[in-house]
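This report refers to the structure that appears directly beneath it.
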Amino acid sequence: MVRPSFFSTPSIHFGILRHGWCRSLLAAGLIAACTSSMPVQAAAAAPATDSPDAIRLLVRADDMGSCHSANAAIVDCYRNGIVRSAEVIVPGPWFREAITLLDENPGLDVGVHLTLTSEWDGLKWGPLTSAPSLVDADGYFYPNVGEPGKAGSGCFGDARPDEIERELRAQIELARRHIKHLTHLSTHMFHPQATPELQPILQKLSNEYGLPFKPDGVRWLGDLGEWPKTTAAQKEDAMAAHLENATPGTWFFLEHPGDNSPEMQAMHALHWYPNVAADRDGVTHLFTSPRIREIIARRHIQLISYADLIGEAKK
37 MVRPSFFSTP SIHFGILRHG WCRSLLAAGL IAACTSSMPV QAAAAAPATD
87 SPDAIRLLVR ADDMGSCHSA NAAIVDCYRN GIVRSAEVIV PGPWFREAIT
137 LLDENPGLDV GVHLTLTSEW DGLKWGPLTS APSLVDADGY FYPNVGEPGK
187 AGSGCFGDAR PDEIERELRA QIELARRHIK HLTHLSTHMF HPQATPELQP
237 ILQKLSNEYG LPFKPDGVRW LGDLGEWPKT TAAQKEDAMA AHLENATPGT
287 WFFLEHPGDN SPEMQAMHAL HWYPNVAADR DGVTHLFTSP RIREIIARRH
337 IQLISYADLI GEAKK
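The opening residue of the sequence shown carries number 37 in our numbering; numbering runs sequentially from there.
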């Protein structure tokens, strides 16, 4: 497979990281960016180093700004767990709260989670700009990516490249206005090569704002089981096994922390993700697990961020 010069980790909202094709891409080093700083209560780990014998792990938490539960859980996973990077949905209804929380936690690395979809049944958001080709009849983003060229099938069904660029630019601009420590870009639910016009747009924005999408040479740590059926205990067992078996190199893992609250229970997507609250509560348990932190400390696994990798790439 020819590696494109520019890529971002696909989102796992539809569980696509559980599919073989996506794992193959991740194994090829096609990962998106992250930053660090060890909070006081985080798992002990040696300082980041580029030693060939070091085991390094970048843990990313997606969908900050989507709801209060996600915001609170992600901060918890940073302060009391292993998360080092958070991806923010700028048009999300809880973006304003995310701004405040990120200002209070300047060590948490932040990426703009470029968003063109709104997947939940009970929670919706739409574009910051006028973008008729990107929205459904109610003015919200479509719930899925759709089929390029098939109008009404999803966000890329009839999307105009100029509207995509204008909307994504607006998201980056708003994030830059309010978040001091942005380091990178990532994508929410869509592949950067979803349409022929998309990758050049993303590359242009990345270059213009100095926010990269991915460092090379990063491997996917591993899946947690049959998503979304795994329990919190099964997630922890799977992660523990991956960490115990990790070999020297740089590894990457992402998930979506949340909690089993009435808010998140009401979000669901009944046709594909009815148990979102319980599942994402399990992710928070995983990322703050004393057992997982003990393995990381015992094996001297270094928790790093996108900022660390981006800085190394510039040397």
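Backbone N, C-alpha and C define an ideal beta-carbon position, used for all residues, glycine too.
For residue i, the first and last residue of its enclosing beta strand (DSSP E)
{"i": "residue 91", "result": "91-100"}
{"i": "residue 121", "result": "121-124"}
{"i": "residue 193", "result": "Note, residue 193: premise wrong, no beta strand (DSSP E); not H, not E."}
{"i": "residue 338", "result": "338-340"}
{"i": "residue 148", "result": "145-151"}
{"i": "residue 220", "result": "218-224"}
Candidates the options: closest to residue i by CA position
{"i": "residue 207", "options": "190, 108, 166 and 277", "result": "166"}
{"i": "residue 148", "options": "329, 138 and 258", "result": "138"}
{"i": "residue 101", "options": "263, 220, 133 and 140", "result": "133"}
{"i": "residue 266", "options": "348, 141, 351 and 313", "result": "313"}
{"i": "residue 276", "options": "348, 157 and 323", "result": "323"}
{"i": "residue 97", "options": "290, 175 and 130", "result": "290"}
{"i": "residue 238", "options": "251, 252, 253 and 222", "result": "222"}
{"i": "residue 213", "options": "331, 117, 111 and 245", "result": "245"}
{"i": "residue 88", "options": "204, 131, 283 and 154", "result": "283"}
{"i": "residue 104", "options": "350, 293 and 263", "result": "293"}
{"i": "residue 155", "options": "310, 351, 108 and 346", "result": "310"}
{"i": "residue 216", "options": "141, 203, 157 and 243", "result": "141"}
{"i": "residue 108", "options": "173, 184, 91 and 135", "result": "135"}
{"i": "residue 145", "options": "129, 114 and 130", "result": "114"}
{"i": "residue 251", "options": "298, 157 and 350", "result": "350"}
{"i": "residue 200", "options": "90, 346 and 233", "result": "233"}
{"i": "residue 268", "options": "196, 178, 168 and 325", "result": "325"}
{"i": "residue 319", "options": "264, 346, 209 and 241", "result": "264"}
{"i": "residue 308", "options": "346, 157, 209 and 297", "result": "157"}
Exposed unless 16 or more other CB atoms sit within 10 angstroms - verdict on residue i
{"i": "residue 224", "result": "buried"}
{"i": "residue 344", "result": "buried"}
{"i": "residue 261", "result": "exposed"}
{"i": "residue 321", "result": "buried"}
{"i": "residue 123", "result": "buried"}
{"i": "residue 61", "result": "Unreliable placement is indicated for residue 61, whose pLDDT of 34 sits below 50; the coordinate value is still reported in the next sentence. Buried, because 16 or more other Cβ atoms sit within 10 Å of the Cβ of residue 61."}
{"i": "residue 306", "result": "exposed"}
{"i": "residue 198", "result": "exposed"}
{"i": "residue 117", "result": "buried"}
{"i": "residue 211", "result": "buried"}
{"i": "residue 243", "result": "exposed"}
{"i": "residue 203", "result": "buried"}
{"i": "residue 182", "result": "buried"}
{"i": "residue 317", "result": "buried"}
{"i": "residue 327", "result": "exposed"}
{"i": "residue 92", "result": "buried"}
{"i": "residue 76", "result": "Any answer about residue 76 is weak, because its pLDDT of 35 lies below 50 and its placement is not dependable; what the coordinates show is given next. So residue 76 counts as exposed."}
{"i": "residue 128", "result": "buried"}
{"i": "residue 228", "result": "buried"}
Rounded straight-line distance, which links the Cα of residue j to that of residue i
{"i": "residue 342", "j": "residue 249", "result": "9 Å"}
{"i": "residue 300", "j": "residue 126", "result": "19 Å"}
{"i": "residue 335", "j": "residue 281", "result": "10 Å"}
{"i": "residue 170", "j": "residue 339", "result": "38 Å"}
{"i": "residue 258", "j": "residue 274", "result": "8 Å"}
{"i": "residue 278", "j": "residue 332", "result": "11 Å"}
{"i": "residue 120", "j": "residue 295", "result": "19 Å"}
{"i": "residue 348", "j": "residue 220", "result": "14 Å"}
{"i": "residue 83", "j": "residue 106", "result": "Bear in mind that the predicted position of residue 83 carries a pLDDT of just 47, short of 50, making it unreliable; the figure below should be weighed with that in mind. The alpha-carbon atoms of residue 83 and residue 106 are separated by roughly 28 Å."}
{"i": "residue 112", "j": "residue 131", "result": "17 Å"}
{"i": "residue 172", "j": "residue 230", "result": "19 Å"}
{"i": "residue 272", "j": "residue 315", "result": "12 Å"}
{"i": "residue 176", "j": "residue 270", "result": "36 Å"}
{"i": "residue 110", "j": "residue 188", "result": "33 Å"}
{"i": "residue 247", "j": "residue 218", "result": "8 Å"}
{"i": "residue 196", "j": "residue 186", "result": "12 Å"}
{"i": "residue 99", "j": "residue 288", "result": "17 Å"}
{"i": "residue 240", "j": "residue 205", "result": "10 Å"}
Whole-angstrom C-beta distance between residue j and residue i, which should lie under 8 Å
{"i": "residue 286", "j": "residue 255", "result": "7 Å"}
{"i": "residue 159", "j": "residue 303", "result": "5 Å"}
{"i": "residue 226", "j": "residue 152", "result": "6 Å"}
{"i": "residue 162", "j": "residue 178", "result": "Not a contact, Cβ separation roughly 10 Å."}
Span of the alpha helix (DSSP H), counted from its first residue to its last, around residue i
{"i": "residue 170", "result": "Taken as a continuous stretch (DSSP letters only), residue 170 belongs to no alpha helix (DSSP H), as it is neither H nor E."}
{"i": "residue 278", "result": "268-281"}
{"i": "residue 322", "result": "312-323"}
{"i": "residue 137", "result": "131-140"}
{"i": "residue 290", "result": "Segment 285-291 is the beta strand (DSSP E) holding residue 290; no alpha helix (DSSP H) there."}
{"i": "residue 332", "result": "326-334"}
{"i": "residue 103", "result": "Note, residue 103: premise wrong, no alpha helix (DSSP H); not H, not E."}
Proximity test, Cβ basis, 7 Å: residue i and chain D
{"i": "residue 332", "result": "Chain labels in this structure do not include chain D; a single protein chain is all it has."}
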